[in-house]
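Engineer: With the first letter of the sequence shown counted as 1, position 41 gets the number 41 in full-length UniProt numbering; the numbers rise by one all the way through.
Ideal Cβ positions, reconstructed from N, Cα and C, are used throughout, including at glycine.
Below you will find the structure I want to go over with you.
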Amino acid sequence: MNINIYYGGRGLIEDSTIYVIHKLTEVLEELRVNVTRYNLYEEKNGIAMLPKTLKEADGVILAVNVEWLGIGGFMQQFLDSCWLYADKEQLEKLYMLPVVIATAGGEREAEGYLVRAWEVLGGVALDGIRAYVEDHIEFETNKTYSLMIEKYAEQLYKAVNQKTKMLPGSNFHMNRQLLKGSFNNLTPQENEQLSVYVSDDTYVKKQKEDIEELAQIFKGMLSNKEEDNEDILPKLVEHYHSIKDTDAVYEIAFTDSDKILTTEMKNGKLNCFYGKGTNNVDVEVKLPSAVMKKVIAGNTTMQMAFMSGELTAKGNFSLLRIFDQAFPFK
């Protein structure tokens, strides 16, 4: 029997997810199971190729650490790659045990997300391990918790070994109907080859250069629309609501123009202007003007746009929520 573990955390010493993985591995290896672990943070340049590792697996463990919200970028990227490149017939045979350890709450939501994602992919999800850990030493030295984790390892072993049947559920079939148009018509071999291309830095770089060239062409054609950004700054000033003891510098770059909007909040005062600021930037945001206008119109928030992929950010992500509090457009 082969079990693959995919760990989506950052590999921090205080991450109790690693302890749970070790405990599960110990029990499974005692049962003569071949366990292979993939640390996604070490495989970040080749995550698109990891779905092919599922071909030899009888079951998988998806393990994540919730540091603030959601399952993390590495695990999301892996699941996206499974959706795009994995052999769907192979996935239907795989049992998945979710492991979610939270240090900031949200473990139930993260586990539910993993379960739903796996069911949409066609796999079978088992009842998983989820826990909120405030003190990792106390958690890892608790014998009762250790025994409970061992039971989950035995549960996974029995499910895979006995090919446990599950009662029918609506999630998989409903999503296959709703998302039918999203499936590509490539064979498993073609999907695997496509994942190789995606992981090839040279190929990806050439694609990015081509896209950038096209983007520059369209920028020239649409340059007259840059004036639309001029009404953003007054709206920010108008809706600013100072937050006590909160200093932050945001650098907002618009991907459809060369404009950069810098927003500095210090001592309850707002300094907002076009161009790069002199202070250290806490968060760098890149987004189209249309998304920024949605934020100003109150149709979305910075944090929601980040979670949905409508914008990218670098720096202290938690300050996106502060931005939404400082500028309550709704």
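Ends of the alpha helix (DSSP H) at residue 321?
Structural biologist: Counting along the chain, the alpha helix (DSSP H) containing residue 321 begins and ends at 319 to 326.
Engineer: What first and last residue would you give for the alpha helix (DSSP H) that runs through residue 161?
Structural biologist: Residue 161 -> alpha helix (DSSP H) spans 143 to 162.
Engineer: Are the region 311 to 329 and the region 236 to 250 touching, with three or more C-beta to C-beta distances below 8 Å?
Structural biologist: Yes, the region 311 to 329 is in contact with the region 236 to 250.
Engineer: Please confirm whether residue 232 and residue 270 have their CB atoms less than 8 Å apart.
Structural biologist: No, the pair does not count as a contact, with Cβ atoms beyond the cut-off.
Engineer: In whole angstroms, what separates the C-alpha of residue 134 from that of residue 79?
Structural biologist: Approximately 28 Å between the Cα atoms of the pair.
Engineer: Just curious, the beta strand (DSSP E) that residue 64 is in, first and last residue?
Structural biologist: Unbroken beta strand (DSSP E) run through residue 64: 59 to 66.
Engineer: Are the Cβ atoms of residue 66 and residue 100 separated by less than 8 Å?
Structural biologist: Yes. Within cutoff.
Engineer: Note down, in chain order, each residue of its chain lying with its Cβ closer than 6 Å to the Cβ of residue 315, except the 5 sequence neighbours on either side.
Structural biologist: Cβ within range, chain order: 282, 283, 284.
Engineer: Could you say if the region 118 to 128 and the region 153 to 164 meet the contact criterion of at least three C-beta pairs nearer than 8 Å?
Structural biologist: Contact between the region 118 to 128 and the region 153 to 164 is present, because at least three Cβ pairs lie under 8 Å.
Engineer: For residue 97, is the classification buried or exposed, using 16 other Cβ atoms within 10 angstroms of its Cβ as the cut-off for buried?
Structural biologist: Residue 97 comes out buried.
Engineer: Would DSSP call residue 41 helix, strand or coil?
Structural biologist: Looking at residue 41 - three-state DSSP - the assignment turns out to be coil, as it is neither helix nor strand.
Engineer: If you draw a straight line from the C-alpha of residue 274 to the C-alpha of residue 259, how long is it?
Structural biologist: Computed Cα separation, rounded: 7 Å.
Engineer: The alpha helix (DSSP H) with residue 306 in it runs from where to where?
Structural biologist: Taken as a continuous stretch (DSSP letters only), the alpha helix (DSSP H) holding residue 306 covers 302 to 307.
Engineer: Please report the straight-line C-alpha distance between residue 215 and residue 327, rounded to a whole angstrom.
Structural biologist: Going by the C-alpha atoms only, they are around 31 Å apart.
Engineer: Identify every residue that forms a DSSP beta bridge with residue 262.
Structural biologist: Residue 262 is bridged to 251, 273.
Engineer: Short of 6 Å in beta carbon distance, which residues of its chain neighbour residue 77, apart from the five on each side in sequence? Order them along the chain.
Structural biologist: Cβ neighbours of residue 77 beyond the five flanking positions: 47.
Engineer: Quick check on residue 331: buried or exposed, where buried means 16 or more other Cβ atoms within 10 Å of its Cβ?
Structural biologist: No statement about residue 331 is possible, as the shown extent of the chain runs from 1 to 330 and does not include it.
Engineer: Restricting to Cα atoms, I'd like to know which of 64, 14, 242, 29 is closest to residue 38.
Structural biologist: The candidate whose alpha carbon is nearest that of residue 38 is 64.
Engineer: Roughly how many angstroms lie between the CA atoms of residue 36 and residue 22, to the nearest whole one?
Structural biologist: Roughly 11 Å between the two C-alpha positions.
Engineer: What whole-angstrom Cβ distance do residue 154 and residue 27 have, given they're in contact under 8 Å?
Structural biologist: Yes, residue 154 and residue 27 are in contact; Cβ-Cβ is about 7 Å, under 8 Å.
Engineer: First and last residue of the beta strand (DSSP E) that includes residue 6?
Structural biologist: Note, residue 6: beta strand (DSSP E), 2 to 7.
Engineer: Measuring alpha carbon to alpha carbon, tell me which of 90, 280, 238 ends up nearest residue 297.
Structural biologist: Nearest C-alpha to residue 297: 238.
Engineer: Just to confirm, is the Cβ distance from residue 242 to residue 277 under 8 Å?
Structural biologist: No, they are not a contact pair.
Engineer: Which whole runs of the beta strand (DSSP E) in the region 53 to 121 are 3 residues long or more, in chain order?
Structural biologist: Qualifying beta strand (DSSP E) stretches, in chain order: 59 to 66, 95 to 102.
Engineer: Tell me which same chain residues have a C-beta within less than 8 Å of the C-beta of residue 140, skipping the five on either side of it?
Structural biologist: Cβ neighbours of residue 140 beyond the five flanking positions: 16, 19.
Engineer: The alpha helix (DSSP H) that contains residue 137, what's its start and end?
Structural biologist: Looking at the DSSP string, the run of the alpha helix (DSSP H) that includes residue 137 is 136 to 140.
Engineer: Report the residue from 300, 119, 107, 115 whose alpha carbon sits nearest the alpha carbon of residue 88.
Structural biologist: When only C-alpha atoms are compared, the closest one is 119.
Engineer: According to DSSP, is residue 14 part of a helix, a strand, or is it coil?
Structural biologist: In the structure shown, residue 14 sits in coil (DSSP, three-state: anything other than H, G, I, E or B).
Engineer: For residue 82, I'd like the list of residues in its chain whose CB is within less than 6 Å of its CB, leaving aside the five on either flank, ordered along the chain.
Structural biologist: So the list reads 51, 121, once near-sequence residues are dropped.
Engineer: For residue 147, count neighbouring Cβ atoms within 10 angstroms of its own Cβ and tell me buried if that reaches 16, exposed if not.
Structural biologist: Under this definition residue 147 is an exposed residue.
Engineer: With a 10 Å radius around its C-beta and 16 neighbouring C-beta atoms as the bar for buried, classify residue 14 as buried or exposed.
Structural biologist: Counting Cβ neighbours within 10 Å, residue 14 comes out exposed, since fewer than 16 surround it.
Engineer: Please classify residue 58 as buried or exposed, where buried requires at least 16 other C-beta atoms within 10 Å of its C-beta.
Structural biologist: Buried, by the Cβ-count rule.
Engineer: Could you tell me which residues DSSP pairs with residue 129 in its beta bridges?
Structural biologist: 99.
Engineer: To the nearest angstrom, report how far apart residue 310 and residue 91 are at their CA atoms.
Structural biologist: Rounded to the nearest angstrom, the two C-alpha atoms are 29 Å apart.
Engineer: Given this structure, state the Cα-to-Cα distance separating residue 24 from residue 142, to the nearest angstrom.
Structural biologist: For residue 24 and residue 142, the distance between alpha carbons rounds to 15 Å.
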